[in-house]
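Everything on this sheet refers to the single structure shown next.
In the numbering used here, the protein residues as written are 510 to 644.
See below:
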C-alpha cells in the first residue's frame, strides 16, 4: 500500500512539473475608454473602469441598415458596429451621429442557407478592428 501511495505521489509530482504553467494577469486598461475586442481585452475580462450607473437611460437612437448581433467596439473615440446587411458604422458615442460607414458585401438570404433564423445573414459576430488603418 505504501509503495502504491509513493508511486502515485511521484507520478503526481512529475505531471505537475511537466504541466504548462499559465498565470492570468489582471486586466490592465489604459486611461482611455477603448473597448477594442470582444469583452474588452484579450483576457476577455469584460470589466469597465467606470462607476456603475444607478438609473440607465437611453442617450440617443441611430437607425442603421440592419440588426446588430455582434458586440459593438469603442476605439479611438468611435463606437463601431456591424450589421446583418454587412455594413460597418463608426458612430459618435455622445450623439450617435454616423461618422462613416462602409458596406462590405451582400448578405446571404436565409433561403440560400441550410439552417438559421437570421434573415438576411451578414456580419453576425464581433468584428475585428485594425488599428493601423483605423477600420
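In this text, a Cβ means the ideal position worked out from N, Cα and C, and glycines have one as well.
Contact check, residue i vs residue j, beta carbons under 7 angstroms
{"i": "residue 573", "j": "residue 595", "result": "no"}
{"i": "residue 547", "j": "residue 584", "result": "no"}
{"i": "residue 591", "j": "residue 636", "result": "yes"}
{"i": "residue 618", "j": "residue 602", "result": "no"}
{"i": "residue 593", "j": "residue 576", "result": "yes"}
Residue i, buried or exposed, once every other Cβ within 10 Å from all chains shown has been counted against 16
{"i": "residue 616", "result": "buried"}
{"i": "residue 555", "result": "exposed"}
{"i": "residue 544", "result": "buried"}
{"i": "residue 631", "result": "buried"}
{"i": "residue 553", "result": "exposed"}
Cut-off 6 angstroms between Cβ atoms - residues of its own chain near residue i, not counting five sequence neighbours on either side
{"i": "residue 597", "result": "591 and 611"}
Contacts around residue i, its chain only, beta-carbon distance under 8 angstroms, and the 5 residues preceding and following it disregarded
{"i": "residue 587", "result": "599, 600, 601, 602 and 608"}
Sequence-distant residues of the same chain with beta carbon closer than 7 angstroms to residue i, five excluded per side
{"i": "residue 622", "result": "630"}
{"i": "residue 531", "result": "Confidence is the limiting factor: at residue 531 the pLDDT is only 40, short of 50, which leaves the residue's position unreliable and the question unanswerable from this model."}
{"i": "residue 579", "result": "591, 632, 633, 634, 635 and 636"}
{"i": "residue 542", "result": "583"}
{"i": "residue 570", "result": "605"}
Contact with chain C by residue i, beta-carbon distance below 7 angstroms
{"i": "residue 609", "result": "Annotation note: the requested chain C is absent from the structure, which comprises a single protein chain."}
Quiz item: Considering only residues of the stretch 559-644, which uninterrupted beta strand (DSSP E) runs meet the minimum length of 3 residues and lie entirely inside it, listed in chain order?
Solution: 582-584, 587-591, 596-600 and 607-612
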